[in-house]
Every structure is written in C-alpha cells, then in structure tokens.
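Enquirer: Got a structure for you, written out below as structure tokens; questions coming shortly.
2 protein chains.
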Amino acid sequence: MKETTRQKLIDATFEEVFSHGYQGAALVDILRNAGVHKGSMYHHFSSKKEMALAAIQEKISTRNFEKYSKILQLSSGYLETLLAAFKDTTQRDFKRGCPIANIVQEMSNLDEDFNKTMKLIYEELRRYIKDILDKAIEVKEMRACDTKKLALFITAALEGAILSVKASGNPQEYVDSVEILEDYLRGFIRN
Amino acid sequence: MKETTRQKLIDATFEEVFSHGYQGAALVDILRNAGVHKGSMYHHFSSKKEMALAAIQEKISTRNFEKYSKILQLSSGYLETLLAAFKDTTQRDFKRGCPIANIVQEMSNLDEDFNKTMKLIYEELRRYIKDILDKAIEVKEMRACDTKKLALFITAALEGAILSVKASGNPQEYVDSVEILEDYLRGFIRN
DNA sequence: TATATACTTGACTATTTGGTCTAATTCCAT
DNA sequence: ATGGAATTAGACCAAATAGTCAAGTATATA
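In the order they appear, the protein sequences are chains A and B.
If you're matching positions, the first sequence starts at 1 in our numbering and goes up one per residue.
If you're matching positions, the second sequence starts at 1001 in our numbering and goes up one per residue.
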C-alpha cells in the first residue's frame, strides 16, 4: 500500500507523457488522472521533470524486459521468436507510436537529463536484440555477422516502421516494412 | 519586399518548431527571432497553429524538392545517386533529427490538422523515392519489384537511423545503418 | 493630393503553467 | 494511548502562455 500514491503518479505520468509528450503533459491532468493532489506529488517528486523521468525509465524498462528477456531464456528458435515478436502487432499502439522514439524526438536535443535517460533506454533495447542475435549465432541458427550493427539497423527499421503508421494511419505499412526486414534477416539463416 | 514579414515569420517559426517542437515553441521567441511584433504576426496568420502549419509545409516541401527532384531529372544512375544522397551527411542535422519525424511524433495523434498535413508531407517524401526507384527500373538499373513497399521500407529505415543518432549522439550509427540499407538495395541491381 | 487599404505597433487580457506553503491527517513505533 | 514522522490536502503565487485591440504608419491607386 505504501507504493500506491507513487505508483499511481508513475502510471498516470507515463500515460500523459506518452499521449501528449513531456512538454504537452499538464501536471493538473496527471494529478486528476492519478487521483492525487499536488502536495502529495511534490512530496514524492521534486519536480515534473523528475517524475516524468522516473515514469519513463520504470515503465519502458519493464516493457522491454517483459518483451525480450524471455526470448533470451529460450534454448532454440531465437530468430524465429524474435521475428514473431516483431510481427506481433497486438501490443503496438500505432496511434501514439513508440514511447522511446517519441521522447527521444521531443527531448533529446533540449534537455541533458532526458538525453542521458533516453540514450540508456535506447541502448538497452538494442542490447536485447543484439543478445538475441548472438544467441541465434551461438546455436548456429544464423551465420556470424556484426550483431551490434545489425541490431542497430533492426531497431532503426522498426522505429521507422512505427513512425510510418503514425504518419499514415495505416497499420498495414508496419506489416509491409517488417516483411521486408524479415526477408533481409532470413538471409542470415544457416542452412 | 511584400513577403519579408511573412517570410521572416515562416523561417523563424520553422526553426523554433524544429528545435523545440510545436508545443514547446513559444510565440515570443519566434517573434523575437523574426524581429516582428505580435500584431503584425496576427495580421498575417490567424493563430500560432496556422503559422506553424504553413511554415512546416512550405519549408519541408522546399527541402524535399531540392533534394530529390533533381535526381528524377537525371537520365541514368538513379540508384547510385539516390544512395549517394542517403549517405551524404552534410545536410543532416543529427542533433535536431528529421523535422518530419519530429512533428509526426509530437502532433499526429493530437491534432487532426497536423495529422493531415504531416500525412501529406510524409507521402510526398515516399513518393519521391518511389519515383526514383521506378526510374531505375525503367532504365534497367534495377530489377522490377514492389517500389511502393520498398520506398516505404527505405523511408522507415532512414528515419529510424536518424533517430538512433539523436538518441546516441553518434553520427556513425547513421552511416552504419545506411550501409546495411545500401547492401540490401544493391541486391536489386541488375547485372 | 486624397483616400482607402495594407501593415505595424505594443500595451492589455484571460488562462494555464509548474511550483510553494501551511495546516491537517494518517501511520507507526514505543 | 501518545509523540513524532510521513503523507496528504488544497489554497495560493509568479511567470509564461496565446490571443485581442485600438491606434498609428506606410503604400498604392484614383
């Protein structure tokens, strides 16, 4: 129970920032959605920024962990499972896009603290993908390659695909882009 | 001379929005940088939003036209010139990223007018790339393929690559991603 | 030159913003 | 139970926000 007020704030802040961006996120709206009064908030956090950074970090790390860490614990089928994860659109929020990309775009060039935080989060995401690729190579599902670079490219292609849909409103475009990415990656499969 | 006030506003607005986003762009700063008073601005534009949309549309359309339309006017070497344009980092502002991506991320899910405008601009960019690919196929530099889909993928990969750099601060990551994209596209070259 | 139209000036307004402060309440160990 | 600390409540504040307006000046055309 001790965590509820803080957690309610973290949850509401993430939602509000994901929807409206950091600069567009109004404290009053966060507080209203969280059902928490201003004084309580400033007891738990020293500023809007600190609260937002905490929300971003905690929520996104959790998401990425849930999505990718279990793939790493497999003993085979790494690449197939990774491709399936990319193709799975049920978890994607195409209207709002990718929270990582959103905040990087908005804040990385404006605030050093956001810059540092987002850099770490983006690295973490790429690390998951690199580690999965390394596993796939280890078990000889893939031929050896520069997995750091490939993970970078995969991440970029996925972020770009999500952006396309946010621009066009057409989810099929994500599917189409991922299909091309898949074809490319299947070229690394060992026969 | 008749256009100077309006043009000064368009230029300053684009810069401010590119740097701080639409919501973060303060009218006072735009006016200060443009050297224009508020009343003049509201003579030329009915609102901050209308001015920003005009600035975005005019500046980005011009940029894309300058970058891609001359490639279309070539008579050969379409793919090579396109790849060279992708690899050219001298025009890229990695700190601020891509203005199209920035505004799509920030505004497409928040405002219908921004959504419509950015959808058109994004389509325009993809159209240029598709048309260049079609030309390359026409002159038999490339084998036939679904150029609409390929243009979508290329755009996504490029936008994602720019985002990577904005997140990491390392321009080499753009080069690395584009290198992989180039390898992939070279697979379409006709021997 | 007269006059109407286009444009500029800058003070003013209403609202929203993040943040502060003090008092009240809840919680918990003794 | 009681004293002290943690937490919550919500009124309050200064700054910043986009937008308004009446009055002025330049410009063009008759």
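Glycine residues also receive a C-beta, built at the ideal position from the N, C-alpha and C atoms.
Who are the neighbours of M118/A on chain B, taking C-beta pairs under 7 Å?
Expert: A1167
Enquirer: Could you tell me how far apart the beta carbons of L1163/B and A84/A are, in whole angstroms, since I believe they sit closer than 8 Å?
Expert: So it is not a contact: roughly 24 Å between Cβ atoms.
Enquirer: In whole angstroms, give me the CA-to-CA distance for F14/A and G35/A.
Expert: 15 Å
Enquirer: Mind checking Y1184/B: buried by the 16 CB within 10 Å criterion, or exposed?
Expert: By the Cβ-count criterion, Y1184/B is buried, with 16 or more other Cβ atoms from all chains shown falling within 10 Å of its own Cβ.
Enquirer: Which residues, taken in chain order from the segment 4-15 of chain A, show a beta carbon closer than 7 Å to some beta carbon of chain B?
Expert: none
Enquirer: Mind pulling the chain B residues with CB within less than 7 Å of L152/A?
Expert: Within chain B, the residues near L152/A are S1164, E1173, D1176 and S1177.
Enquirer: How is the alpha helix (DSSP H) around S46/A delimited, first residue to last?
Expert: From DSSP, S46/A is part of no alpha helix (DSSP H); its letter is neither H nor E.
Enquirer: Please identify the residue among K119/A, R190/A, S69/A and R127/A whose C-alpha is closest to the C-alpha of A136/A.
Expert: Nearest of K119/A, R190/A, S69/A and R127/A to A136/A, Cα basis: R190/A.
Enquirer: Do you know how far the Cα of L1082/B is from the Cα of R1063/B?
Expert: 15 Å
Enquirer: Count the other C-beta atoms from every protein chain shown that fall within 10 angstroms of the C-beta of Y174/A, then say buried if there are 16 or more, exposed otherwise.
Expert: buried
Enquirer: Are the C-beta atoms of A156/A and some chain B residue less than 9 Å apart?
Expert: yes
Enquirer: Of all Cβ atoms in chain B, is any one closer than 9 Å to the Cβ of E112/A?
Expert: Chain B contact via Cβ: absent.
Enquirer: For the segment 124-138 of chain A against the segment 1073-1082 of chain B, do three or more pairs of beta-carbon atoms, one drawn from each stretch, fall closer than 8 Å, so that the two count as touching?
Expert: no
Enquirer: With 9 Å set as the bound, which would you pick, yes or no: does the beta-carbon of K1002/B sit closer than that to a beta-carbon of chain A?
Expert: Note on K1002/B: pLDDT 48, under 50, position unreliable in the model; the coordinate value appears next. No, K1002/B lies away from the interface with chain A (no Cβ there is under 9 Å from its Cβ).
Enquirer: Which stretch, first to last residue, makes up the alpha helix (DSSP H) that contains Y1078/B?
Expert: Y1078 to K1087
Enquirer: If I measure Cβ to Cβ from M1001/B and keep anything under 8 Å in the same chain, skipping five residues before and after, which residues do I get?
Expert: At M1001/B, the pLDDT of 39 sits below 50, so the modelled position is not reliable; the number obtained from the coordinates is stated separately. There are no such residues.
Enquirer: What residues from chain A crowd round K1095/B, counting only those whose CB sits closer than 8 Å?
Expert: Correct list: N109.
Enquirer: Enumerate in chain order the residues of its own chain whose CB-to-CB distance from L31/A is below 7 Å, with the five nearest sequence positions on each side excluded.
Expert: H37, K38 and M41
Enquirer: My understanding is that E58/A touches I103/A, with C-beta atoms under 8 Å, so please give their C-beta distance in whole angstroms.
Expert: No, E58/A and I103/A are not in contact; Cβ-Cβ is about 14 Å, not under 8 Å.
Enquirer: Strictly by DSSP, which residues pair up with I189/A?
Expert: M142/A
Enquirer: What does V194/A touch in chain B if you count any residue whose Cβ is under 9 Å from its own?
Expert: A question about residue 194/A goes unanswered here, because the residues of chain A that appear run from 1 up to 191.
Enquirer: Just the chain B side, please: which residues come within less than 7 Å of V104/A by C-beta, in chain order?
Expert: Neighbours of V104/A in chain B, taken as residues at a C-beta separation under 7 Å, are given in chain order as L1163, K1166 and A1167.
Enquirer: Below 8 Å on C-beta distance, what does Y1122/B contact in chain A?
Expert: Ordered by position in chain A, the residues that pass the 8 Å Cβ test against Y1122/B are S164, A167 and S168.
Enquirer: At a Cβ threshold of 9 Å, is N1115/B touching chain A?
Expert: So yes, N1115/B belongs to the interface.
Enquirer: Find the nearest neighbour of E1112/B within the set G169/A, T4/A, A26/A and A12/A, judged by alpha-carbon distance.
Expert: G169/A
Enquirer: Which residues bound the alpha helix (DSSP H) around D29/A?
Expert: L27 to A34
Enquirer: What are the boundary residues of the alpha helix (DSSP H) that includes E4/A?
Expert: According to the sequence as given, residue 4/A is Thr; it is not Glu. From DSSP, the alpha helix (DSSP H) with T4/A extends over T4 to G24.
Enquirer: Among A156/A, F65/A, K130/A and T4/A, whose alpha-carbon lies nearest the alpha-carbon of I1180/B?
Expert: For I1180/B, the nearest C-alpha among the options comes from A156/A.
Enquirer: So with CB distances below 8 Å, who are the chain A contacts of Y1184/B?
Expert: Y184
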